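S.K.:
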Ligand SMILES: [Zn+2]
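Spelled out as structure tokens, the structure:
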């Protein structure tokens, strides 16, 4: 309209300069009329675009750029928020050209809200696929690779020597545009791949709780709880500790092959030498044996930390064992030492008799009393052993001649030494509970030619 007005004015000016005003007066009048009509018309109709997003009306604009400016700013905001390139899907925006008297203004807030919706924008992302199935998407390629490293490391132990690591499944990272609700942050993506879910279901252990009470509380089998918490010892629950209630179903299987070197002891052999410098039944180590060492190198293959195969690669003797030499006494025990009859070796009550007990032979009797109660030699003889022997704890053995020996186990303290000649009734030790013992007592044995006899056939006790 302005153009036309200016043109008319210009013509007017030109004509007036040439002093022909009169001639062009009707023309001028006509021009003014056109301008007037045009302005009147312009006032009553406006050319606008009605903007719709996904079919929803958002108001009107005179210039489409007003919408594209908003698209740019939302894309910028989303890019900043998600740390990756965001693109609004412009196909959902439609414009309908129309003429109106009065323009319905654009609802900018509604437009921004609509454009920002997850389903209306695409984010440049890197998707981890397992056997062709999309599992997680993260916002940059380094993170996606870091994710694979962290998953592998999750099943590796410090100090192990790994020969190789791999995934059982085919794994691929590719670039793809995804909606923002599909994009995960790094920690969440890691959790999804490792556990098969983004859900966290945990229970915090309270005072007095056990796996059994927790399983009962959530109505889940105890086996589920154990499988979900393999790294936790159910016997050692601590207050405040977090127990997972979900069995992990990892998307990936990490295959690790490690080389493990195990040391194994090699037993030494023992040879015996007879000597008359020791009494019958007495033994003395002449040369201590030394265990040998064997190193075995194995290849262990694991799937997600669980061993699936073990193969011996090599074994080598690092140290040969060396032989032990033991002296065996041959000197006869003087028959004058033993009277042949045995006295009670200690005051106390018999709490366990000779015979089969829990499927095993109880080769003696147990005499219980206070710690420190004196233990007496049941008859005269020679001490053939005085020291620690396995389950017996501190043990004294006495040979009385004619193949008869007595044994005194679980002593607190030993008062004699090997080779000592002892008299009947002499204090040889104090009662204790050393070795495999339940409570203070004397374990007393009588043997004839090393065959255990029922001591109650030799000594007199009131049996409880
Ligand atoms: Zn016993």
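Numbering (the working numbering), first residue to last: 205 to 668. Even for Gly, the Cβ is constructed at its ideal location relative to N, Cα and C. None of the values given here were measured: they were computed from a predicted structure.
1. Does the stretch 506 to 513 come into contact with the stretch 479 to 488, if we say contact requires no fewer than three beta-carbon pairs (one atom in each stretch) closer than 8 angstroms?
2. Is residue 358 near ligand 1, going by C-beta to nearest heavy atom under 6 angstroms?
3. Grab me the residues of residue 325's own chain with a C-beta within less than 8 angstroms of its C-beta, minus the 5 sequence neighbours each way, in chain order.
4. Take residue 302 as the anchor and find which of 362, 594 and 268 has the nearest alpha-carbon.
5. Please indicate yes or no: does the CB of residue 176 lie closer than 6 angstroms to some heavy atom of ligand 1?
6. What did DSSP end up calling residue 395 once you bin it into helix, strand or coil?
7. Less than 8 angstroms between C-beta atoms, sequence neighbours within five positions excluded: which residues of the same chain meet that for residue 559?
8. Please look up how many angstroms separate the CB atoms of residue 442 and residue 492, rounded, as I've assumed it's under 8 angstroms.
9. Is the stretch 454 to 465 touching the stretch 595 to 604, taking contact as three or more C-beta pairs under 8 angstroms?
10. Quick one: residues with CB closer than 6 angstroms to any heavy atom of ligand 1, in chain order, please.
11. Based on the DSSP secondary-structure assignment, which residues constitute the bridge partners of residue 590?
12. Per DSSP, which residues does residue 371 bridge with? Please list them.
13. Hey, would you say residue 262 sits closer than 7 angstroms to residue 314, going by beta carbons?
14. In angstroms with no decimal places, state the Cα-to-Cα distance between residue 215 and residue 317.
15. Three or more C-beta pairs under 8 angstroms: does that hold for the stretch 448 to 460 against the stretch 398 to 409?
16. Work out the CA separation of residue 306 and residue 347 for me, nearest whole Å.
17. Locate the alpha helix (DSSP H) running through residue 280, then write down its first and last residues.
18. What would DSSP say about residue 573, mapped onto helix, strand or coil?
19. Leaving out five residues on either side along the sequence, give the residues of the same chain with a beta carbon under 7 angstroms from the beta carbon of residue 664.
20. Jot down the residue ranges of each uninterrupted alpha helix (DSSP H) in the stretch 502 to 567, minimum 4 residues, whole runs only, in chain order.
21. Quick check: the stretch 540 to 556 against the stretch 589 to 597, are at least 3 beta-carbon pairs closer than 8 angstroms?
22. Is residue 532 near residue 478, with beta carbons less than 7 angstroms apart?
23. Would you mind giving the Cβ-Cβ distance between residue 356 and residue 458, rounded to the nearest angstrom? I have them listed as a contact below 8 angstroms.
24. Going by alpha carbons, who is nearest to residue 377 out of 344, 386 and 406?
M.R.: On the basis of the supplied data:
1. A contact is defined here as three or more CB-CB pairs under 8 angstroms, and the stretch 506 to 513 fails this definition with respect to the stretch 479 to 488.
2. Closer than 6 angstroms to some heavy atom of ligand 1: that does not describe the Cβ of residue 358.
3. The beta carbon of residue 325 sits closer than 8 angstroms to the beta carbons of 278, 279, 282, 290, 291, 292, 293, 319, 383 and 384 from its chain, once the five residues preceding and following it are set aside; these are given in chain order.
4. Residue 302 has its Cα closest to that of 268, out of 362, 594 and 268.
5. Since the first and last residues shown for the chain are 205 and 668, residue 176 lies out of range.
6. Looking at residue 395 - three-state DSSP - the assignment turns out to be helix.
7. Once the five neighbours on either side are set aside, the close Cβ partners of residue 559 are 565, 566 and 658.
8. Not really, about 45 angstroms apart at Cβ, beyond 8 angstroms.
9. Output reads no: the stretch 595 to 604 does not touch the stretch 454 to 465.
10. Matched residues: 556, 566, 568, 570 and 647.
11. Beta-bridge pairing links residue 590 to 600.
12. Residue pairing from DSSP places residue 371 in a beta bridge opposite 458.
13. A Cβ-Cβ contact shorter than 7 angstroms links residue 262 with residue 314.
14. In this prediction, residue 215 has a pLDDT of 49, which is less than 50 and means its spatial position is unreliable; nothing more can be read from the coordinates.
15. Touching, yes, given that three or more Cβ pairs across the two stretches are closer than 8 angstroms.
16. Computed Cα separation, rounded: 53 angstroms.
17. Following the DSSP letters along the chain, one finds residue 280 inside the alpha helix (DSSP H) bounded by residues 269 to 286.
18. If DSSP states are grouped into helix, strand and coil, residue 573 belongs with coil.
19. Around residue 664, the same chain offers 548 as residues with beta carbons nearer than 7 angstroms, after the five sequence neighbours per side are excluded.
20. Qualifying alpha helix (DSSP H) stretches: none in this window.
21. The answer is no - the stretch 540 to 556 does not touch the stretch 589 to 597, with fewer than three Cβ pairs under 8 angstroms.
22. With respect to residue 478, residue 532 sits close: the two C-beta atoms are nearer than 7 angstroms.
23. Correct: roughly 5 angstroms between the Cβ atoms.
24. Taking only the C-alpha atoms, the option nearest residue 377 is 344.
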